[in-house]
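Enquirer: Structure incoming, see below.
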Amino acid sequence: MAIVLGIESSCDDTSASICIDGEIKSNIIAGQAIHAKYGGVVPELASRAHQQNIIPTVDQAIQQAKISKNDIDAVAFTRGPGLLGSLLVGTSFAKGFALAKGIPLIEVNHMQAHILSHFIDEPKPAFPFLCLTVSGGHTQIVLVTDYFEMEVLGETLDDAAGEAFDKTAKILNLPYPGGPLVDKYAQEGNPFAFRLPEPQIPDLNFSFSGLKTAILYMVQGEEKLNPNFLEERMADVCATVQQRIVSILLNKLKKAAKLTGVKDIAIAGGVSANSGLRKELLAMGKTYRWNVFIPKFEYCTDNAAMIAIAGYHKFLKQDFVGQDVAPLARMPM
Ligand code: KG4
Ligand code: ZN
Numbered sequence: 142m143a144i145v146l147g148i149e150s151s152c153d154d155t156s157a158s159i160c161i162d163g164e165i166k167s168n169i170i171a172g173q174a175i176h177a178k179y180g181g182v183v184p185e186l187a188s189r190a191h192q193q194n195i196i197p198t199v200d201q202a203i204q205q206a207k208i209s210k211n212d213i214d215a216v217a218f219t220r221g222p223g224l225l226g227s228l229l230v231g232t233s234f235a236k237g238f239a240l241a242k243g244i245p246l247i248e249v250n251h252m253q254a255h256i257l258s259h260f261i262d263e264p265k266p267a268f269p270f271l272c273l274t275v276s277g278g279h280t281q282i283v284l285v286t287d288y289f290e291m292e293v294l295g296e297t298l299d300d301a302a303g304e305a306f307d308k309t310a311k312i313l314n315l316p317y318p319g320g321p322l323v324d325k326y327a328q329e330g331n332p333f334a335f336r337l338p339e340p341q342i343p344d345l346n347f348s349f350s351g352l353k354t355a356i357l358y359m360v361q362g363e364e365k366l367n368p369n370f371l372e373e374r375m376a377d378v379c380a381t382v383q384q385r386i387v388s389i390l391l392n393k394l395k396k397a398a399k400l401t402g403v404k405d406i407a408i409a410g411g412v413s414a415n416s417g418l419r420k421e422l423l424a425m426g427k428t429y430r431w432n433v434f435i436p437k438f439e440y441c442t443d444n445a446a447m448i449a450i451a452g453y454h455k456f457l458k459q460d461f462v463g464q465d466v467a468p469l470a471r472m473p474m
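Each residue of the sequence shown is one higher than the last, beginning at 142 in the numbering used here.
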């Protein structure tokens with residue numbers, strides 16, 4: 142039997158999870174509401190909150206899994222990429238815990254873990270599969286040939302998809318993080334109410350910065366004609382923006398599937414919680430006869446269950462790191 146404790150602290154969520162023989166038994170997430178009033182994550186405040194939250198979060202994960210601290214066989218933690226001060230809290234905790242208990246330490250790449258969240262529940266994708274990983278910091282199309290063999294086929298040249306949602310929300314005076322709110326308003330709106338350009342970016346890469354500017358100009362123009370524009374048309378604006386972001390993402394995913402011939406297609410990361418993306422991907426999957434894999438909502442945004450499952454697969458390979466390990470703000474796959 143293998144019991145792995147997973148720790149995630151790369152951005153503004155402190156999370157701990159227990160994985161027993163590949164099954165997730167707990168996944169506790171402590172969010173940080175404090176950032177909302179600043180319109181984005183404040184790194185200094187994030188690290189302090191992680192420091193306060195980490196021990197109660199781990200305690201709760203252990204309790205909910207109905208095990209004791211002494212039963213844990215290994216500690217897996219997010220080494221990067223992420224905010225350095227935030228990563229330091231999880232990394233230091235994991236190192237201290239492993240040292241005290243005399244158990245191995247496992248480093249996990251946050252972006253790989255988002256993809257490996259597909260190995261938490263059934264049905265699991267078969268190798269090779271393609272994963273569109275879309276979060277607040279990343280937008281990548283990844284060819285996954287084994288648990289830890291991943292090749293980035295394309296990525297964003299500027300903003301990430303989550304950033305595009307959040308920056309749009311800011312233009313629309315919606316609070317941070319705006320992605321879920323844009324999604325909520327979009328459900329009531331007309332996705333073809335306005336015209337937004339589709340960027341012409343070669344290969345499998347993405348660009349979202351032009352879209353943000355186009356939205357800003359569109360809103361400013363409309364507000365000149367009608368000062369109550371946003372109040373009256375919020376749903377239509379959100380629906381249009383969401384449909385454009387989703388179509389940019391899915392057109393590239395379709396291209397990647399065609400180029401590689403791969404038919405198992407997955408999405409991961411915070412933006413994979415988006416209802417428009419989930420719906421359109423399912424429809425596209427039907428058209429092209431793909432096997433589509435969409436994570437449960439709780440495994441889309443940052444969570445430690447994905448760290449624990451990645452850690453479990455590294456535990457099976459006895460892939461451990463020493464106590465001299467340090468976090469990495471940038472960490473390639
Ligand atoms: O993966 P994640 O939790 O954190 C990072 O590693 O970045 O992703 C957070 C991002 C934020 O930009 C947030 O606005 C976006 O995911 N997001 C959404 C939705 N839920 C979260 N974007 C669009 N629609 C959603 N329903
Ligand atoms: Zn993430």
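Note that CB positions come from ideal geometry on N, CA and C, so glycine has one too.
For the candidate residues N314, A143, A470, I165, whose alpha-carbon lies nearest to that of N369?
Expert: Comparing Cα-Cα distances from N369 to each of N314, A143, A470, I165, the minimum goes to N314.
Enquirer: Helix, strand or coil for K207 per DSSP?
Expert: Of the three classes helix, strand and coil, the one that applies to K207 here is coil, per DSSP.
Enquirer: Going along the chain, which residues of its own chain have a beta-carbon closer than 7 Å to the beta-carbon of G223, five neighbours each way excluded?
Expert: Only S151, C152, H251, A470 meet the Cβ criterion.
Enquirer: Under 7 Å from any heavy atom of the ligand ZN, does the C-beta of D153 make it?
Expert: Not under cutoff, so the answer is no.
Enquirer: For D405, does the three-state DSSP call read helix, strand or coil?
Expert: Here D405 sits in strand by DSSP.
Enquirer: Got a sec, what are the start and stop residues for the alpha helix (DSSP H) I450 sits in?
Expert: Segment 446-457, the alpha helix (DSSP H) holding I450.
Enquirer: Do the region 326-333 and the region 353-373 meet, that is, are 3 or more Cβ pairs less than 8 Å apart?
Expert: Touching, no.
Enquirer: Please report the straight-line C-alpha distance between V323 and G277, rounded to a whole angstrom.
Expert: Rounded to whole angstroms, V323 to G277 spans 14 Å at the Cα level.
Enquirer: Is the beta carbon of E292 sitting closer than 8 Å to the one on L284?
Expert: Result yes, Cβ atoms of E292 and L284 sit closer than 8 Å.
Enquirer: At a threshold of 7 Å, does D300 count as lining the ligand ZN (C-beta to nearest heavy atom)?
Expert: No - the ligand ZN has no heavy atom lying nearer than 7 Å to the Cβ of D300.
Enquirer: Helix, strand or coil for D287? Go by DSSP, reduced to three states.
Expert: Strand.
Enquirer: Which term fits A241, buried or exposed, when burial requires 16 or more other beta carbons within 10 angstroms of its beta carbon?
Expert: That one is exposed.
Enquirer: Tell me where the beta strand (DSSP E) around F218 begins and ends.
Expert: F218 -> beta strand (DSSP E) spans 215-221.
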